[in-house]
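Undergrad: Chain order of the listed sequences is A, B and C.
My numbering puts the first residue of the first sequence at 1, with every later residue one more than the last.
My numbering puts the first residue of the second sequence at 1001, with every later residue one more than the last.
My numbering puts the first residue of the third sequence at 2001, with every later residue one more than the last.
Just so it is clear, CB atoms sit at the ideal spot from N, CA and C, and this is done for glycine as well.
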Amino acid sequence: MKASPSMKYHWMEKTYHTSGQTDIIDLSADLQHFVRDAGLRQAQLTIMVPGSTAAITTIEYESGVLGDLQRAVERLIPRNIPYEHDQRWGDGNGYSHVRAAILGPSISIPLIDGRLILGTWQQVVCVDFDNRPRRRIVIFHMIGE
Amino acid sequence: MKASPSMKYHWMEKTYHTSGQTDIIDLSADLQHFVRDAGLRQAQLTIMVPGSTAAITTIEYESGVLGDLQRAVERLIPRNIPYEHDQRWGDGNGYSHVRAAILGPSISIPLIDGRLILGTWQQVVCVDFDNRPRRRIVIFHMIGE
Amino acid sequence: MKASPSMKYHWMEKTYHTSGQTDIIDLSADLQHFVRDAGLRQAQLTIMVPGSTAAITTIEYESGVLGDLQRAVERLIPRNIPYEHDQRWGDGNGYSHVRAAILGPSISIPLIDGRLILGTWQQVVCVDFDNRPRRRIVIFHMIGE
């Protein structure tokens, strides 16, 4: 444990163009960039996607397992069953909302001695569940010293 | 990035009366109140529900999609199959525990320039999975400057 | 709300030997130890498991409900269906990756007046979804004062 004379924060907003339909975007390069530029040593990071039809999680960014996640999500919360959201609003993306609520919009990761705590084959990803291509803003936020 | 002379924290405990059975409580008004009262500009917020039969997530607070989430949860982790928890303890809420463990008890959200990072139709909610009405305490917690 | 002259951080890395196959490890004792040793009063904690086949969540650590969670996970993301990850890499743990991505690798918990915000029967756990015994490192990280 160390006492620090001052707290610092750093944040970055980054736009991604997704194809929707459980498109999975690898945020690793931007995240590593963000951490390097900020130059903090000890911090907590939050990665968040505003909006109610996308989620943030981690996964090995390997096309086989990405497809496995996409198929699992389709099996668990299928596209082709009736959703009340669609009957009311005609958006056709009721399943997108349900999927996003179950996965969650953000994750937190510690930064220790300037090193982001992630496994070697573990990437931070944004999963876009919407039923159409979207322009997504992801927020990288850090507080520490 | 800015250096700050001091770190501040702020927290609020708020009680909600829920009907259980995947009752979904909109926390937005209290959350916005909390953020305004605290007056911080740069912070990380954690919203957490203590207890093992409720969860925190975000969703568009629209009755159609709330029903869609409730039906999805019922389909994925049904009430009317046997749970070992119930056979041991007779609580009848084994499904509530499993649902809560999958959704998770807390989420983190960045605050940037005094603005909470949420989508326009994205509300922070407490989902009460218990099998009976409950008095739930939700913790709003913020650290920053 | 209080202003603090300095921010402090504290972290601990702890190794657990798991049996894999949705083994659920109770982190409570180590977590309470960590909080006591750090001696902070107001903080945000992140508990994270690096790696893409394990997750962190909370549950009542009671063998009945642990089995219920294990059975639910097996029903939702079954072991014995084909996964593209396995066809490509022969790891045989495609289901482990999918399960971990859905539950998520970390959770955040507030610390208020030196007290960790958790329900009486709510334990923080690491769920190891891998298909074999693993040596898992869990990170406990705290920032506050």
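Considering only the alpha carbon of each residue, which of ASP1037/B, HIS1033/B, MET1048/B and LYS1008/B lies closest to ARG1136/B?
TA: Residue numbering aside, residue 1136/B sits at position 136 when the second sequence is read from its first letter. Minimum Cα distance to ARG1136/B is reached at MET1048/B.
Undergrad: For the putative contact between GLN1057/B and HIS1097/B, defined by C-beta atoms under 8 Å, what is the C-beta separation to the nearest angstrom?
TA: The count along the second sequence starts at 1 and reaches residue 1057/B at position 57. The count along the second sequence starts at 1 and reaches residue 1097/B at position 97. The sequence given here places Thr at residue 1057/B; Gln does not occur at that position. Not a contact, Cβ separation roughly 17 Å.
Undergrad: Who does HIS2141/C pair with in a DSSP beta bridge?
TA: Within the third sequence, the letter at position 141 stands for residue 2141/C. DSSP lists TRP2011/C and THR2046/C as partners of HIS2141/C.
Undergrad: What are the residues in the region 1027-1057 of chain B lying within 7 Å of chain C by C-beta distance?
TA: Residues of the region 1027-1057 of chain B that bring their beta carbon within less than 7 Å of a beta carbon in chain C comprise ALA1038, GLN1044, THR1046, MET1048, PRO1050, GLY1051 and SER1052, in sequence order.
Undergrad: Taking 8 Å as the cut-off, does the CB of LYS8/A come closer than this to any heavy atom belonging to the ligand SAH?
TA: In the structure on display, the ligand SAH does not appear, and there are no ligands present to speak of.
Undergrad: Can you give, in chain order, each stretch of the beta strand (DSSP E) that sits fully within the region 2021-2100 of chain C and has at least 3 residues?
TA: With a minimum length of 3 residues, the continuous beta strand (DSSP E) runs that stay inside the region 2021-2100 of chain C are 2023-2026, 2043-2048 and 2054-2059.
Undergrad: How many angstroms separate the CA atom of ALA2072/C from the CA atom of GLU1145/B?
TA: Along the third sequence, read from residue 1 onward, the residue named residue 2072/C stands at position 72. Along the second sequence, read from residue 1 onward, the residue named residue 1145/B stands at position 145. Answer to the nearest angstrom: the Cα atoms are 42 Å apart.
Undergrad: In chain order, what residues of the same chain lie with their CB nearer than 8 Å to the CB of ALA2003/C, ignoring the 5 residues before and after it?
TA: If you number the third sequence from 1, residue 2003/C lands on position 3. Because ALA2003/C carries a pLDDT of 48, less than 50, the predicted location of this residue cannot be relied on, and no value is offered for it.
Undergrad: Quick check: what's the CA-CA separation for GLY39/A versus LYS8/A?
TA: Indexing the first sequence from 1 puts residue 39/A at position 39. Indexing the first sequence from 1 puts residue 8/A at position 8. The straight-line gap from Cα to Cα measures roughly 10 Å.
Undergrad: Cβ closer than 7 Å: which chain A residues qualify as neighbours of GLU1060/B?
TA: Translated into the one-based positions of the second sequence, residue 1060/B becomes position 60. For GLU1060/B, the chain A residues whose C-beta falls within less than 7 Å of its own C-beta are SER52 and HIS97, listed in chain order.
Undergrad: Whole angstroms are fine: how far does the CA of ALA1043/B sit from the CA of TYR2061/C?
TA: Within the third sequence, numbered from 1, the residue matching residue 2061/C stands at position 61. Within the second sequence, numbered from 1, the residue matching residue 1043/B stands at position 43. Going by the C-alpha atoms only, they are around 33 Å apart.
Undergrad: Taking the alpha-carbon positions, what's the ILE2139/C to ILE1112/B distance?
TA: Taking the third sequence and counting its residues from 1, one reaches residue 2139/C at position 139. Taking the second sequence and counting its residues from 1, one reaches residue 1112/B at position 112. Straight-line Cα distance between these residues: approximately 27 Å.
Undergrad: Any beta carbon from chain A within less than 9 Å of GLN2021/C's own beta carbon?
TA: Counting from one through the third sequence, the residue named residue 2021/C turns up at place 21. By this cut-off, GLN2021/C is not an interface position.
Undergrad: According to DSSP, is LEU1118/B part of a helix, a strand, or is it coil?
TA: Counting from 1 along the second sequence, the entry for residue 1118/B is found at position 118. Of the three classes helix, strand and coil, the one that applies to LEU1118/B here is coil, per DSSP.
Undergrad: Taking 8 Å as the threshold, find out whether the region 1122-1136 of chain B comes into contact with the region 1021-1040 of chain B through three or more Cβ pairs.
TA: Taking a cut-off of 8 Å on C-beta distances, the region 1122-1136 of chain B touches the region 1021-1040 of chain B, as three or more cross pairs fall below it.
Undergrad: Considering just the uninterrupted stretch of the beta strand (DSSP E) at ASP128/A, what are its terminal residues?
TA: One-based indexing of the first sequence puts residue 128/A at position 128. Here the beta strand (DSSP E) through ASP128/A covers 123-128.
Undergrad: Whose C-beta lies closer than 7 Å to the C-beta of GLY2020/C among residues of the same chain, with five residues either side of it excluded?
TA: Against the third sequence, residue 2020/C aligns to sequence position 20. Result list for GLY2020/C: ASP2128, ASP2130, ASN2131, ARG2132, PRO2133 and ARG2134, in chain order.
Undergrad: Is ARG1132/B helix, strand or coil when you go by DSSP?
TA: Position 132 of the second sequence, counted from the start, is the residue given in the question as residue 1132/B. Coil at ARG1132/B, not helix or strand.
Undergrad: Step through the CB atoms of chain C and report whether any lies within less than 9 Å of the CB of ASP68/A.
TA: What you label residue 68/A is simply residue 68 of the first sequence in a count that begins at 1. It does; some Cβ of chain C falls within 9 Å.
Undergrad: Can you give me the C-alpha to C-alpha distance between GLY1064/B and ALA55/A, rounded to a whole angstrom?
TA: Residue numbering aside, residue 1064/B sits at position 64 when the second sequence is read from its first letter. Residue numbering aside, residue 55/A sits at position 55 when the first sequence is read from its first letter. One alpha carbon belongs to GLY1064/B, the other to ALA55/A, and they sit about 20 Å apart.
Undergrad: Using a cut-off of 7 Å between C-beta atoms, extract the partners of LEU2076/C located in chain A.
TA: As a first step, residue 2076/C must be located in the third sequence, where it is residue number 76. Those are LEU76, listed as they occur along chain A.
Undergrad: Output yes or no for whether 9 Å exceeds the beta carbon distance between ILE1102/B and ILE2102/C.
TA: Walking along the second sequence from the start, residue 1102/B turns up at place 102. Walking along the third sequence from the start, residue 2102/C turns up at place 102. Taking 9 Å as the Cβ cut-off, ILE1102/B and ILE2102/C qualify as a contacting pair.
Undergrad: For SER1106/B, return the contacting residues in chain C, with the cut-off set at a CB-CB distance below 7 Å.
TA: Here residue 1106/B is taken as the residue at index 106 of the second sequence, counted from 1. Going along chain C in sequence order, the residues near SER1106/B (Cβ under 7 Å) are ILE2107, SER2108 and ILE2109.
Undergrad: Using a Cβ-Cβ cut-off of 8 Å (strictly less than) and excluding sequence neighbours within five positions of SER2006/C, which residues of its own chain qualify?
TA: For the purposes of this step, residue 2006/C is identified with residue 6 of the third sequence, where counting begins at 1. So the list reads GLU2145, once near-sequence residues are dropped.
Undergrad: Is there a C-beta anywhere in chain A that falls below 9 Å from the one on SER2006/C?
TA: For the purposes of this step, residue 2006/C is identified with residue 6 of the third sequence, where counting begins at 1. Yes - at least one Cβ of chain A is within 9 Å of the one on SER2006/C.
Undergrad: Can you pull out the residues from the region 2121-2139 of chain C whose beta carbon lies closer than 7 Å to at least one beta carbon of chain A?
TA: ILE2139
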